[in-house]
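Only one structure is covered here, and it is reproduced in the block below.
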Amino acid sequence: MSQPASQSSQPSASSGSRLETESVASAKMPTRSLKDHSLPALREHFHESGIPRYRANQIAVWMYRRSVDDVAAMTDLPVALREQIGAAWRSRALEVDRLQRSVDGACKLALRAGDGAILEAVLIPEERRQTLCLSTQVGCPLACSFCATGALGFTRNLSTAEIIDQVCRAREVLEEGEEITNLVFMGMGEPLLNLPNVLEAIRILIDPKAFAMAPRRITVSTSGVVPKIRPLLEVAPINLAVSLHATTDAVRDVLVPLNQRFPIAKLLDTLRSDDLIHRRRPVFFEYTLMDGINDSDDDARRLARLVHGIPCKINVIPMNPHADSEHRAPPPERADRFTAILHEAGLRITLRKNRGMDIDAACGQLAAREAR
Ligand code: SAH
Ligand code: SF4
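Number 367 marks the last residue of the sequence shown (the numbering used here); no jumps.
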């Protein structure tokens, strides 16, 4: 692979950013985070502390609409209340550690949490969209054989505030007039293994008083944690993406070890059940094509049979190479033949373009390691 030049930059006040990070971690900082709670929950927390509930709405407008985190600057709150809230609650969970821009416009943000953990989010500009790919865990415990995040092992779940702050920090990187139009939970980690925090983040994202995003602009991707799929979809009419990647249990057991607990038939039966089929939103199946592993004509035919009866679209993603996996993408003719068979079977498919490969920002390449 050629090595196109990528720009790598520290945030403008790089040393300042480190200092802020240290202060986030300092023992004197409040431990409660304003962004950890949906608005109804925050209103109740305020009420319990003797603060009028409606103050939570005002704070949400500052944090989520006006991108202001500093409670002292929230000028429609009385000064004494700003001091009370500022002393008891934190409003920032992440600071930018490093920004990398790809030659194709994708922008990877390495973000540092209060405990020093590093996680990554990726902004992907398209003609009419600006998609942000979010992380939900530091590392991932599911160890899929082709995924750089899986090779990291698992450190911890992200808090709701850390999920939401990825959106806040990414917004600050955009040009004037640009906005994030779509969110995909396809970064580091398995969202359904951190479901309570992911659900609370979605509630904040879709709340008209907070980010006011349309649920159809949010997609959560899972490798198939079957019992958590329904609880996820109950929160709002968001999109579900399912990482399938194989058409037999023998192959999927190796690529996605979670398959040993929730095999293909069990996963697809769940997606085929009445209540899910009638959601009126297709399932997006993700199928990472790996040379000689899952890319045969038989695989394509089996895939078409397997998803029969499930309203769906199939995203075929050529394997993004990285140092932790020996798998490679098949030659382009093989990918074309594979997608042609699916097409002939009447399936809706997209062959996904890889974005941000020069900065290791493409699907499955996120592998930020904690800075020492
Ligand atoms: N844990 C979730 C979401 C994060 S991974 C899941 O597995 O669905 C996002 C997508 O990238 C998944 O479909 C995943 O299988 C895919 N992926 C992982 N490694 C990849 C690689 N090296 N090349 C292409 N896609 C990859
Ligand atoms: Fe985890 Fe998804 Fe990577 Fe599998 S593909 S290791 S579930 S992040």
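Heads up, the beta-carbon is just placed ideally off N, CA and C, and yes, glycines get one too. A quick note: this is a predicted structure, and the numbers were derived from the prediction, not measured.
Is any non-hydrogen atom of the ligand SAH found closer than 8 Å to the C-beta of residue i, if you look at the structure I gave you?
i	result
A357	yes
E170	no
L227	no
P277	no
F333	no
S320	yes
P316	yes
Q360	yes
M181	yes
I288	no
I312	yes
E281	yes
Any heavy atom of the ligand SF4 within a distance shorter than 8 Å of the CB on residue i?
i	result
S238	yes
T144	yes
C139	yes
G100	no
E185	yes
S218	yes
V251	yes
C163	no
C307	no
Can you tell me whether residue i is buried or exposed, with buried defined as 16 or more other CB within 10 angstroms of its CB?
i	result
R107	buried
E321	exposed
D353	buried
Y49	exposed
V162	buried
S238	buried
T70	exposed
M208	buried
S21	Unreliable positioning characterises S21 in this predicted model, as indicated by a pLDDT of 49, which lies under 50. A coordinate reading is not provided.
D160	buried
T214	buried
S18	The pLDDT assigned to S18 is 44, lower than 50, so where the model puts this residue is not dependable, and the model offers no usable value.
R367	Model confidence at R367 stands at a pLDDT of 34, short of 50, so the residue's coordinates are unreliable and nothing is read from them.
R124	exposed
R61	exposed
M415	Any property of residue 415 remains undetermined from this structure, which presents the chain solely from -4 to 367.
S97	buried
E392	This structure leaves residue 392 out entirely; the chain is present only between -4 and 367.
E281	buried
E185	buried
H42	exposed
Do residue i and residue j have their C-beta atoms closer together than 9 Å?
i	j	result
A105	D319	no
R329	D286	yes
R164	I175	no
D248	Q255	yes
H240	C128	no
G81	A67	yes
K30	A83	no
S28	T150	no
F141	S216	no
I233	P210	yes
L118	T131	no
H32	E195	yes
L259	D244	Sequence check: residue 259 is Ile here, not Leu. Cβ atoms of I259 and D244: closer than 9 Å.
L262	V230	no
L271	L298	no
A356	E115	yes
A363	A146	no
S86	D65	yes
N177	N152	no
L34	R212	no
I113	Q79	no
Name, in chain order, the residues that DSSP records as bridge partners for residue i.
i	result
C307	V278
P120	Q125
W84	R27
K348	Bridge partners of K348: none, in fact.
S216	A236
T283	I312
A108	L89
I113	R107
C102	R96, L118
How close, in whole Å, do the beta carbons of residue i and residue j come, if the pair is a contact with beta carbons under 8 Å?
i	j	result
R343	G304	Their Cβ separation, rounded to whole angstroms, is 14 Å, which puts R343 and G304 out of contact at 8 Å.
V168	L94	7 Å
P313	N289	About 12 Å; that fails the 8 Å criterion.
N310	G359	Not quite, the Cβ-Cβ distance comes to about 13 Å (not below 8 Å), so this is no contact.
F333	L284	6 Å
L190	P226	6 Å
G148	G134	5 Å
L72	Q53	6 Å
V251	S218	5 Å
The ligand SAM and residue i: does the residue's C-beta get closer than 8 Å to at least one heavy atom of that ligand?
i	result
C128	Here the bound small molecules are the ligand SAH and the ligand SF4; the ligand SAM is not part of this structure.
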